[in-house]
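Chains as they are written, first to last, in the numbering used here: chain A, 1 to 205; chain B, 1 to 205.
One structure is given here, and the rest of the page talks about it.
Number of protein chains: 2
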Amino acid sequence: MSKKALTREAILQQAVRSASQIGISRLTIGSLAGQSGLSKSGLFAHFGSKEALQLAVVQAAQAQFVEEVVKPAFTQPRGMPRLRALFHAWVMRLYGGSMPGGCPLLAAAYEFDDQPGAIRDALVAGQRWQRETLQRLLQDAQDAGELPAGSDVPLLAFMLFGLIQSAHHDHQLLDNHHSAQLALQGFEQLCGTAQAPAIPTTPAT
Amino acid sequence: MSKKALTREAILQQAVRSASQIGISRLTIGSLAGQSGLSKSGLFAHFGSKEALQLAVVQAAQAQFVEEVVKPAFTQPRGMPRLRALFHAWVMRLYGGSMPGGCPLLAAAYEFDDQPGAIRDALVAGQRWQRETLQRLLQDAQDAGELPAGSDVPLLAFMLFGLIQSAHHDHQLLDNHHSAQLALQGFEQLCGTAQAPAIPTTPAT
DNA sequence: CTCAAAAAAGAACGATCGTGCTATTTTGCA
DNA sequence: TGCAAAATAGCACGATCGTTCTTTTTTGAG
């Protein structure tokens, strides 16, 4: 890889970490240059504008999501194993050290939902692809007869994504250490073996 | 009410609308002054600092949530009617014209989750209170035997809040016009009359 | 109506940011 | 090793923002 590409990768890796903490729209070229050991104009030359830099950060974060969540899931057998692997990796990514300030893509969805432009377009495309991937794995599980009878796949994908967001919210804002467990419990209630809705874990009186 | 308080209320009402679109951290005193028909320094004198202004915006948005969502629900009978009224108003608020850019409190949760200070503290307190309110209404419904047997109230509150966030995300970013319907469907599946998990709406083959 | 107090306006400051231009250093091939 | 090209640094400009200080306008009680 050329020197330029290597430097660009290093910049973006640091930028994604910073975006996780302060948000993509609050990235500044100056502080990013300092963290990367470059001068302002040296870093600027890699992207040409701040918006291009922000767009590159979005794409880098999306690529990282695919590497850390989607690809590992596809090493599992089709059906519930693959679906469960995707959901587990998706939830657990919120607790690893790689994103100290939370998922920059979820945050960016709130930052840019009212700001038309290339960044919003990239976010929309990425979120649509995420949802379609989730629905595809759900459909595979349903075709294999591994989901509760009569499950509504789009609704289920909608609810599972809600669990992700709730886990993120409770972890990042409320410091709730049980949020991952709640999300995984919710997944099992919606998709798992508990066909009947929530059998009490303690014997009835 | 004194002139000062009246002007302050008008400023905050406009500020909440702006925060809905651009976020609380991107509010600027200058543009807010223009929208309120005041000068920069005239507006500034009402708050004393930008952080105090942002804190006042958070409190105004929280008060608005109580007025529009919580209080109307408490006019309904305890149990499922009250719970359903709360959830419906909560979802539908995302689609009314009062918050053109989405819920500023949900967005603020992402903006300030890594920024310690009075604003984050106020957001945390407000979200904890929201969750406790939701859990209290769920508990009432469970005590009345109106929830599916063995329902886990904290988990249910966690999942219902996820439905709110998913609806917000799909509406604001993906322009999904069915997102409210999905959230309400999800509510009925989790809390509603469908005790068995999702009876198919179309007759089985 | 008067006039002191409250409210708002106006102007200016230092700081920060994105960006453009030029000089300097570093790279990698001949 | 020499040298053109690529990569980076240095510097400055204009714009924007929060904040302070002073002046002007507006309010409302006596």
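Quick reminder that beta carbons are idealized off the backbone N, C-alpha and C, glycines included.
From a predicted model like this one, the values you see are computed outputs, not experimental measurements.
N-terminal and C-terminal residue of the alpha helix (DSSP H) that residue i is part of
i: Pro81(A); result: Met80 to Met92
i: Ile164(B); result: Val153 to Gln172
i: Tyr110(B); result: Pro104 to Phe112
i: Phe47(B); result: Where Phe47(B) is concerned, there is no enclosing alpha helix (DSSP H), given that its DSSP letter is neither H nor E.
i: Gln135(A); result: Ala118 to Asp143
i: Gly34(A); result: Ile29 to Ser36
i: Ile11(A); result: Lys3 to Ile22
i: Leu190(B); result: Ser179 to Cys191
Among the options, the one whose alpha carbon lies nearest that of residue i
i: Ser151(A); options: Cys191(A), Trp129(A) and Phe112(A); result: Cys191(A)
i: Gln62(B); options: Cys103(B), Leu147(B) and Glu132(B); result: Cys103(B)
i: His88(B); options: Ile164(B), Gly117(B) and Gly37(B); result: Ile164(B)
i: Gln127(B); options: Gln54(B), Asp175(B) and Ala107(B); result: Ala107(B)
i: Asp175(B); options: Asp143(A), Asn176(A) and Asp114(A); result: Asp114(A)
i: Gln59(B); options: Gly96(B), Asp121(B) and Ala157(B); result: Asp121(B)
i: Ala157(A); options: His171(A), His169(A), Gly145(A) and Ala141(A); result: Ala141(A)
i: Trp129(A); options: Phe65(A), Gly34(A), Leu32(A) and Gly162(A); result: Phe65(A)
i: Gln35(B); options: Ala10(B), Leu53(B) and Gln54(B); result: Ala10(B)
i: Met80(B); options: Glu146(B), His46(B), Gly97(B) and Ser2(B); result: Glu146(B)
i: Ser2(A); options: Pro72(A), Asp143(A), Leu32(A) and His46(A); result: His46(A)
i: Leu53(B); options: Leu32(B), Leu160(B), Leu182(B) and Ser98(B); result: Leu32(B)
i: Arg131(B); options: Gly162(B), Pro72(B), Leu38(B) and Phe44(B); result: Gly162(B)
Sequence-distant residues of its chain with Cβ nearer than 7 Å to residue i (five each side left out)
i: Gln21(B); result: Pro100 and Gly101
i: Gln76(A); result: Arg82 and Ala85
i: Pro197(B); result: Unreliable placement is indicated for Pro197(B), whose pLDDT of 42 sits below 50; the coordinate value is still reported in the next sentence. Excluding residues within five positions, none has a Cβ falling inside 7 Å.
i: Arg78(B); result: Asp140
i: Met159(B); result: Leu190
i: Leu137(A); result: Arg82, Leu83 and Leu86
Spatial neighbours of residue i in its chain, beta-carbon cut-off 8 Å, leaving aside the 5 residues before and after
i: Gly117(B); result: Glu51
i: Val57(B); result: Leu12, Ala15, Val16, Ala19, Ile24, Leu27 and Pro104
i: Glu111(B); result: Gly23, Ile24 and Ser25
i: Thr206(A); result: Given that chain A is displayed from residue 1 to residue 205, the structure contains no residue 206(A) and the question cannot be resolved.
i: Glu67(B); result: none
i: Phe74(B); result: Arg82
i: Ala180(A); result: Val91, Met92, Leu94, Tyr95, Ala167 and His171
Expected contact under 8 Å - CB spacing of residue i and residue j to nearest Å
i: Val91(B); j: Leu184(B); result: 6 Å
i: Gln139(A); j: Val153(A); result: 5 Å
i: Leu155(A); j: Gly42(B); result: Going by Cβ atoms, the distance from Leu155(A) to Gly42(B) rounds to 51 Å, so no, they are not a contact pair.
i: Ala167(A); j: Leu55(A); result: Rounded, the Cβ-Cβ distance is 27 Å, inconsistent with contact.
i: Gly48(B); j: Lys40(B); result: That pair is no contact at about 14 Å.
i: Ala109(A); j: His169(B); result: 6 Å
Sequence-distant residues of the same chain with beta carbon closer than 6 Å to residue i, five excluded per side
i: Thr7(A); result: none
i: Gln135(A); result: Val153 and Ala157
i: Asp143(A); result: none
beta-carbon residue i near the ligand FAD non-hydrogen atom, thresh 6 Å
i: Glu9(B); result: With respect to the ligand FAD, the structure shown offers nothing to examine, as it has no ligands at all.
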